[in-house]
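What follows is a set of notes on a single structure, which appears directly below.
Number of protein chains: 2
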Amino acid sequence: MDQQIQEIKQWLYQAGDKIKSSLSAELSIDEKSSRTDLVTNMDREIQNFLIDKVHQNYPEAKILAEENGYNELTSMSGEVFVIDPIDGTLNFVLEKENFCIMVGLYEEGRSKLGFIYNVMQDELYWGGRGYGVFCNEKQLERPEDKALTEGLIGMNAHMYLHNHYQAQAIGKRSMGVRMSGCAGIELIAVIKGARVAYLTNLSPWDYAAGCAILDAFDFRYSRIDGQSLSFNGREHFVAGTPKAYSQMIGML
Amino acid sequence: MDQQIQEIKQWLYQAGDKIKSSLSAELSIDEKSSRTDLVTNMDREIQNFLIDKVHQNYPEAKILAEENGYNELTSMSGEVFVIDPIDGTLNFVLEKENFCIMVGLYEEGRSKLGFIYNVMQDELYWGGRGYGVFCNEKQLERPEDKALTEGLIGMNAHMYLHNHYQAQAIGKRSMGVRMSGCAGIELIAVIKGARVAYLTNLSPWDYAAGCAILDAFDFRYSRIDGQSLSFNGREHFVAGTPKAYSQMIGML
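So the sequences go chain by chain: W and U.
According to the numbering used here, the first sequence is numbered sequentially starting from -1.
According to the numbering used here, the second sequence is numbered sequentially starting from -1.
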């Protein structure tokens, strides 16, 4: 197991190096569903790199990933790698920072390990049930179980603007609303205790790694109606400390 | 002049060291106007440290600063140091990151030099008319003059929620809305080209340093009605690339 963790960490560090060395090169950028939903040659290149690593080392594992026809899976049975090659592509293109590479490992639908790599900060957060949570080599303590009223919340701009699922009341009850444009950064913030919650709308590759790490701390997450995540299509998503999560579910 | 720049940079690095070495100590936290408007012993300590440095080195200069009775000035005549000891106090308390120390130097109401120190990233952005813009020792190029439609915008949560001054239409026209809870971080993002604009509600110590740096690139800023900033009380504030600024003013 330790070997598997080291192996996946190395994939991510190598993928990060590829991105860093590409930053001065011209990107090839395509629009997907809208002018703000982008994919670049680097998203595809990093996804292919990580898929090759999975195929070489875990030939029987299944893959669920954001780009290029890997974005649906009929079932989460067996061993599944869930991959987001660049989470926060808009930030990657426009800011050249505030994006992550994410890998989640699931067995029979249950989280085993999660990895979120904030490339430009060179911080790789990883962990899983029974393994604890780490930033690079350093183990993190479980953050205090703060209430919604005691902390900041990461929020989806569209849900906040249109007050979906009481998003405005939830924001008001918190100490303040933050929007980074990157699920990995928001989930890292909850994992390290910088924020108490995250309310948004995500695809499986956006939440798989983060949920596996949250499981190490027994922090809570679900669909916004309290049901389990389906790992199939976009879902309204809520995560947080046990106290903040319960408060939010109680308001919905 | 070079000596003055080196001197003020050293004040900021020293102030940052004080904050870093205090991070594990218990903070003394008081509420100002509301439960989310906080001041800590470190805000006061850093302000006193910087005020002492100004008094020692520039005994004739005036001071405008956030805490403790320095927050009003009848006129910007002469030499004025505008100081925000901790910009983003809520982030400082809750996140232990994403806050800045800021110093702006004005002469007869005209910007001369600005310094924004993102303490936990150890990035000190500084510059002024005729001096260029730097991050620590490295000179930065002027970012491309992108339009609002081509970039991200930093946005005040309250203005966005209540659609003050067309904030929602402005956000929609941009590539996306970001909220960091720290004026310094938003202004740094505009200065380095990561965002094209910032729409918010600020006090003089929140904008003085950033505006002095924006002047080095001839980027634009003003009150939201296009009038000059008064350096007296909170004002609705807009800043950005020349193109993005003009588009926003045209929408207001």
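Note that the Cβ used here is the ideal one computed from N, Cα and C, for glycine as well.
Item checked: Cβ-Cβ distance between W/P202 and W/F229 below 7 Å -> W/F229 is positioned such that its CB atom lies closer than 7 Å to that of W/P202.
Notebook entry, point to check: Among W/R127, W/L103, W/I17, which residue has its Cα nearest to the Cα of W/Y56?
Noted result: W/L103
Check: Is any beta-carbon of chain U found at less than 7 Å from that of W/G152?
Finding: With 7 Å as the cut-off, W/G152 does not count as an interface residue toward chain U.
Check: Going along chain W in order, which residues have a C-beta closer than 7 Å to the C-beta of U/Q166?
Finding: L159
Note to self: Quick check on DSSP: helix, strand or coil for W/F215?
What the structure shows: helix
Checklist line | Beta carbon proximity, W/M40 to chain U, threshold 7 Å | finding: In terms of beta-carbon proximity, W/M40 stays away from the interface with chain U, with every pair separated by 7 Å or more.
Check: Taking the alpha-carbon positions, what's the U/G14 to U/I6 distance?
Finding: 12 Å
Next item on the list: Starting from W/V175, find everything on chain U with Cβ-Cβ shorter than 8 Å and list it in chain order.
Entry: A155, M177
Notebook entry, point to check: Between the Cα of W/K16 and the Cα atoms of W/R42, W/S75, W/L227, which residue gives the shortest distance?
Noted result: W/R42
Checklist line | Cβ neighbour criterion (16 or more within 10 Å) applied to U/K170 | finding: exposed
Checklist line | N-terminal and C-terminal residue of the alpha helix (DSSP H) that U/P240 is part of | finding: 240 to 249
Margin query: Quick test of your reading: W/G86 and W/I183, contact by CB under 8 Å. State the CB separation rounded to the nearest angstrom.
Written below: About 7 Å separates the Cβ atoms of W/G86 and W/I183, confirming a contact at the 8 Å cut-off.
Item checked: Option nearest U/Q119 by Cα separation, candidates U/L111, U/N134, U/M157 -> U/Q119 has its Cα closest to that of U/N134, out of U/L111, U/N134, U/M157.
Next item on the list: Show which residues of chain U have a CB atom less than 8 Å away from the CB atom of W/T34.
Entry: M173, G174
Check: Taking U/S317 as the reference, which of U/T239, U/Y205, U/K241 has the closest Cα?
Finding: No answer is possible for residue 317 of chain U: the residues shown for chain U start at -1 and end at 250.
Check: Who are W/E233's beta bridge partners in DSSP?
Finding: W/L200
Check: For U/E105, which residues from the same chain have a beta carbon less than 7 Å from its beta carbon, with the 5 sequence-adjacent residues on both sides left out?
Finding: The answer, listed in chain order, is E77.
Notebook entry, point to check: Given a threshold of 16 other Cβ atoms within 10 Å of its Cβ, counted over all protein chains shown, does U/T72 qualify as buried or as exposed?
Noted result: exposed
Next item on the list: Please name the residue in U/K110, U/I99, U/N89 whose C-alpha comes closest to that of U/I44.
Entry: U/I99
Margin query: Need the endpoints of the beta strand (DSSP E) that W/Y104 sits in, please.
Written below: Unbroken beta strand (DSSP E) run through W/Y104: 98 to 105.
Check: Given a threshold of 16 other Cβ atoms within 10 Å of its Cβ, counted over all protein chains shown, does W/D50 qualify as buried or as exposed?
Finding: exposed
Checklist line | DSSP beta-bridge partners of W/C133 | finding: W/Y123, W/K136.
Notebook entry, point to check: Does DSSP classify U/T38 as helix, strand or coil?
Noted result: strand
Next item on the list: Go ahead and pull the three-state DSSP assignment for U/A195.
Entry: Reduced to three states, the DSSP call for U/A195 is strand.
Next item on the list: Assuming U/V91 and U/L146 form a contact by the criterion Cβ under 8 Å, report the distance between their Cβ atoms to the nearest whole angstrom.
Entry: Actually they are not in contact, since the Cβ atoms of U/V91 and U/L146 sit about 33 Å apart, beyond 8 Å.
Note to self: Report the CB separation of W/V194 from W/A242 in whole angstroms; it is logged as a contact under 8 Å.
What the structure shows: 4 Å
Check: Can a CB atom of chain A be found closer than 7 Å to the CB of U/E142?
Finding: Considering every chain present, this structure includes no chain A. Its protein chains are W and U.
Next item on the list: Verify the contact flag: W/K51, CB atom, against every heavy atom of the ligand HEM, threshold strictly below 6 Å.
Entry: Absence of the ligand HEM is noted for the structure shown, with no ligands found whatsoever.
Checklist line | Span of the beta strand (DSSP E) around U/L111 | finding: 108 to 116
Notebook entry, point to check: Beta-carbon of W/L308 versus every beta-carbon of chain U: anything under 7 Å?
Noted result: Here chain W comprises residues numbered -1 to 250, so residue 308 of chain W is not present and cannot be evaluated.
Note to self: Nearest by alpha-carbon distance to U/A207: which of U/Q8, U/L197, U/G125 is it?
What the structure shows: Taking each of U/Q8, U/L197, U/G125 in turn and checking the Cα distance to U/A207, the smallest one comes out for U/G125.
Check: Just checking my contact of U/G231 with U/A187 at CB under 8 Å: how many whole Å lie between their CB atoms?
Finding: U/G231 to U/A187, Cβ: 25 Å. No contact.
Check: Can you tell me the Cα-Cα spacing of W/H250 and W/A167, whole angstroms?
Finding: For clarity, residue 250 of chain W is Leu in the given sequence; the question names His instead. Answer to the nearest angstrom: the Cα atoms are 10 Å apart.
Note to self: So U/E93 contacts chain W; which residues on that side make the cut at Cβ distance below 8 Å?
What the structure shows: For U/E93, the chain W residues whose C-beta falls within less than 8 Å of its own C-beta are L150, A187, A192, R193, listed in chain order.
Checklist line | Selected residue, minimal CA-CA separation from W/L10, among W/R33, W/L48, W/S19 | finding: For the options W/R33, W/L48, W/S19, the alpha carbon positioned closest to that of W/L10 is the one of W/L48.
Note to self: Taking beta-carbon pairs under 7 Å, can you tell me which members of the stretch 72 to 91 of chain U lie near chain W?
What the structure shows: L88
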